[in-house]
Amino acid sequence: MTVNRSAGARRAAWALALVALGLTGGAAQAQALKQYDSSGKAFWKNPPPDWFLGDETSAQKGLAPPANPALPASDEELAENLKAVKLPAGFTISVYASGVPEARQMAFGDKGTLFVGSFGATNVYAIVDQGGKKVVKTILKGLNMPTGLAFRDGALYVVAIDKIFRYDNIEANLDKPPEPVVVYDDMPSYVAHGWKYLTFDKDGWVYVPFGPPFNIGNPPSSVSQVRRVDLKTGAAEIVALGVRNSVGGDIDPRTGRYWFTENARDWMSDDIPSDKLNMISKVVEHFGYPYCHQGDMPDPKFAQGRSCAEFTPPVAKLGAHVAPLGMKFYTGSSFPAEYKNNIFIAEHGSWNRHKYQGGRIERVIVDPDGKNAKMETFASGWLKGDRDYTGRPADILVAPDGSLLVADDWAGAIYRIAYTQ
Amino acid sequence: MSGAGPRARPPARSLSGPTRAALVALGLLASAAVRAAEAPAVAQACLACHGDALAEGAPPIAGHSSNYIQLQLVFFRAGRRKNEIMQGVAEGLSDNDIRALGKYFASLPFPDPPPPADTQPDLTRAGATAALQHRCAACHGDAYLGIQAAPRVARLPEAYLAKALGDYRANARPSSGGAAMTEVAGSLSDADIKALAHYLAVLP
Chain A
117 MTVNRSAGAR
127 RAAWALALVA
137 LGLTGGAAQA
147 QALKQYDSSG
157 KAFWKNPPPD
167 WFLGDETSAQ
177 KGLAPPANPA
187 LPASDEELAE
197 NLKAVKLPAG
207 FTISVYASGV
217 PEARQMAFGD
227 KGTLFVGSFG
237 ATNVYAIVDQ
247 GGKKVVKTIL
257 KGLNMPTGLA
267 FRDGALYVVA
277 IDKIFRYDNI
287 EANLDKPPEP
297 VVVYDDMPSY
307 VAHGWKYLTF
317 DKDGWVYVPF
327 GPPFNIGNPP
337 SSVSQVRRVD
347 LKTGAAEIVA
357 LGVRNSVGGD
367 IDPRTGRYWF
377 TENARDWMSD
387 DIPSDKLNMI
397 SKVVEHFGYP
407 YCHQGDMPDP
417 KFAQGRSCAE
427 FTPPVAKLGA
437 HVAPLGMKFY
447 TGSSFPAEYK
457 NNIFIAEHGS
467 WNRHKYQGGR
477 IERVIVDPDG
487 KNAKMETFAS
497 GWLKGDRDYT
507 GRPADILVAP
517 DGSLLVADDW
527 AGAIYRIAYT
537 Q
Chain B
11 MSGAGPRARP
21 PARSLSGPTR
31 AALVALGLLA
41 SAAVRAAEAP
51 AVAQACLACH
61 GDALAEGAPP
71 IAGHSSNYIQ
81 LQLVFFRAGR
91 RKNEIMQGVA
101 EGLSDNDIRA
111 LGKYFASLPF
121 PDPPPPADTQ
131 PDLTRAGATA
141 ALQHRCAACH
151 GDAYLGIQAA
161 PRVARLPEAY
171 LAKALGDYRA
181 NARPSSGGAA
191 MTEVAGSLSD
201 ADIKALAHYL
211 AVLP
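Going down the list, the protein sequences come from chains A and B. So for the first sequence, this note's numbering puts the first residue at 117; every next one is plus one. So for the second sequence, this note's numbering puts the first residue at 11; every next one is plus one.
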């Protein structure tokens, strides 16, 4: 299934999309779904006001996403925060770099530069080693939610909502990055759930998630999917449908298959539905949204007669409102052998829950076919009290030396977890 | 960790009249005053426009949460929120200056004189409807006194509120909390903005 890139066909696809959404949650099962006409451009530029905070019950009032601290945490604060972090025996955590506001996806360049995207800060950073000290350079500014980035063949690729940019020969030009080339832009411009994550596969195609600009509704399939894109030609194919909000994924080194995290709907309750770890075993699979959550829970309003049996269940249920974001298979060799090919997931933590959970790093041990998934907490301690963070893990990266890097967009820092025995 | 929680919020209304006299007599006011952080030297520049008498166009900043104040200063410093005077002021601030300013202004009581008389009740009603439709209270609270980095919007100057909403709509002012304000303001009409600003400015 190829996504046609011609503007005419794209307009036609939009015009056909009619989006339905329920206005109130709770026991409103019998209530008719509200219809929206999504055929106009303005609709997608500014989705209706009741889309994001449209389903809360009175008991859930005030559970809004917390704004991150204005400034990255100081070195003293970070040192204090990390004292509370719990790890398995033999592992240690330290600050790799501080002063990295709203740090999101990370990627290493061939020459050892660590590139880091950001959320609202509009920046892309390059972290380089100068005489044993990590120096953070802000190499790009003013991008629209440049959360996702990847490095390949000397070039840095950055996704900023509706555009993927390529910066050639970037590591030789950190102080004066070249003008970018727009290599893909067949993406809608809305911001909510429009921030993305990039993962190259071995063929050099990149996986790009598309989430709908609301909590729950009947979205056009074009905004609830994962695409695989060849950035050289602009060719694209849909590899997954029925995906809500995915901001993390990785290629299984054992099989070449794409695995991805997915954030489940909000406003249902503190404890359901569960967020997910998914795996694409064939093209195209439907992962259930908006009809079915966590593989076995029909949506109270949006099931619309569909059965969960029609959809691909998750490999693992990660828990409600844990907010799994970046993930990586462990491909290094400095951790004990049993960690080989395990998955590490950065859980950003709750906002839509009275007592937050997540805000930690989970380890998933699972067979290549997705069977026998076992999950345990690998690193935790960033959650304080019921609803306060000292940090929020947003991405994971295996460093060339086998240590694990963690991007924290709350404290604005990168941590390094090493096995030291 | 931001210090933006409710613990950091001072009493919503300043004390006056008999209450104040009673507290002074009890020696309570002295201990209340200790809660205000010491004014950092850099705060003097702020007070010229945001002090007891507000300069034209300058909103009150005392009593907002520390994180909200810090976020705005970071936005001005980065040039992401535009205002010639504020960008000039923020340019020279260090991270520690910004932390100190957030802490100081958050420690002050919100100047909360009685709202202006409402001479346009129809506009107020339209504003109340728009506020409900756009779910303003979900982040700013039922009394619009602010929750964490979502600032207090009750009884701010009407012209300032209208400008803020217009700036969010035009994407000329960055939002925090996952672009919430950019999203919400995107679909506001001029009439919505006029009504919302009026409604919030005259809230009893």
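Positions of the beta carbon are idealized from the N, C-alpha and C atoms, including for glycine. All figures in this text were calculated on a predicted structure; none of them were measured in a lab.
Limits of the alpha helix (DSSP H) - the one that residue i falls within
i	result
A:Lys157	Lys157 to Lys161
A:Tyr446	Run containing A:Tyr446: none; DSSP gives neither H nor E here.
A:Ile209	From DSSP, A:Ile209 is part of no alpha helix (DSSP H) but of the beta strand (DSSP E) over Phe207 to Ser214.
A:Asp153	First-last for A:Asp153: Lys150 to Asp153, but that is the beta strand (DSSP E), not the alpha helix (DSSP H).
A:Asp485	From DSSP, A:Asp485 is part of no alpha helix (DSSP H); its letter is neither H nor E.
Three-state secondary structure assigned by DSSP to residue i
i	result
A:Lys202	strand
A:Arg268	strand
A:Asn260	coil
A:Tyr455	helix
A:Ile286	helix
A:Thr349	coil
B:Leu198	coil
B:His208	helix
B:Gly176	helix
A:Asn197	helix
A:Leu520	strand
A:Thr506	coil
B:Asn77	helix
B:Ala31	Only weak support exists for where B:Ala31 lies, its pLDDT of 41 falling under 50; the value from the coordinates is given anyway. In the structure shown, B:Ala31 sits in a helix (DSSP, three-state: H, G or I).
A:Met303	coil
A:Asp191	helix
A:Ser423	coil
A:Ala527	coil
A:Ser234	strand
Cβ pair residue i, residue j closer than 7 Å
i	j	result
A:Pro440	A:Glu463	yes
A:Gly215	A:Val252	yes
A:Val345	A:Val322	yes
A:Tyr300	A:Leu347	yes
B:Leu175	B:Ala195	yes
A:Tyr531	A:Ser450	no
B:Ile203	B:Ala164	no
A:Phe70	A:Ile533	Outside the modelled stretch of chain A, which goes from 117 to 537, sits residue 70 of chain A, for which no answer is possible.
B:Ala72	B:Pro121	yes
A:Phe231	A:Ala213	no
A:Val307	A:Ile354	no
B:Gly112	B:Ile157	no
A:Val311	A:Thr263	The sequence given here has Trp at residue 311 of chain A, not Val. Closer than 7 Å, so yes.
A:Pro185	B:Gly187	no
A:Leu393	A:Leu434	yes
Enclosing beta strand (DSSP E) for residue i [first to last residue]
i	result
A:Leu256	Lys249 to Leu256
A:Val299	Val297 to Tyr300
A:Phe377	Contrary to the premise, residue 377 of chain A reads as Thr rather than Phe in this sequence. Per DSSP, A:Thr377 belongs to the beta strand (DSSP E) from Tyr374 to Glu378.
B:Leu54	A small correction: the amino acid at residue 54 of chain B is Gln; Leu does not occupy that position in the sequence shown. No beta strand (DSSP E) contains B:Gln54, which is instead part of the alpha helix (DSSP H) from Ala53 to His60.
B:Leu64	Unbroken run through B:Leu64: none, as it is neither H nor E.
A:Met395	Ser390 to Met395
B:Ile71	Counting along the chain, B:Ile71 falls outside any beta strand (DSSP E), and DSSP gives it neither H nor E.
A:Asp245	Val240 to Gln246
A:Gly475	No beta strand (DSSP E) contains A:Gly475, which DSSP labels as neither H nor E.
B:Gly187	Looking at the DSSP string, B:Gly187 is not in any beta strand (DSSP E), and its letter there is neither H nor E.
A:Arg220	Ala219 to Phe224
A:Ala399	It should be noted that the sequence gives Val, not Ala, for residue 399 of chain A. Element bounds for A:Val399: n/a, residue is neither H nor E.
Residue i CB to nearest heavy atom of the ligand FAD below 6 Å
i	result
A:Gly333	This structure does not include the ligand FAD; it has no bound ligands of any sort.
With 16 other Cβ atoms within 10 Å as the buried cut-off, status of residue i
i	result
B:Ala42	With a pLDDT of 41 at B:Ala42, under the threshold of 50, the predicted position of this residue should be treated as unreliable, and no value is reported.
A:Val324	buried
B:Ser75	buried
A:Thr229	buried
A:Thr371	exposed
A:Gly233	buried
B:Gly145	The sequence given here has Arg at residue 145 of chain B, not Gly. With 16 or more Cβ atoms within 10 Å of its Cβ, B:Arg145 is classed as buried.
A:Leu179	buried
A:Ile396	buried
B:Leu36	Reliability fails at B:Leu36, whose pLDDT of 40 lies under 50, so the model's placement of it is uncertain and no value is given.
A:Asn379	buried
A:Gly247	exposed
B:Ser199	exposed
A:Asn285	exposed
A:Pro217	buried
### Message
For a minimum of 4 consecutive residues, which ranges assigned as the alpha helix (DSSP H) are wholly contained in the region 82 to 150 of chain B?
### Response
94 to 101, 105 to 117, 131 to 143 and 146 to 150
### Query
Going along the chain, which unbroken runs of the alpha helix (DSSP H) with 4 or more residues stay wholly within the region 326 to 371 of chain A?
none
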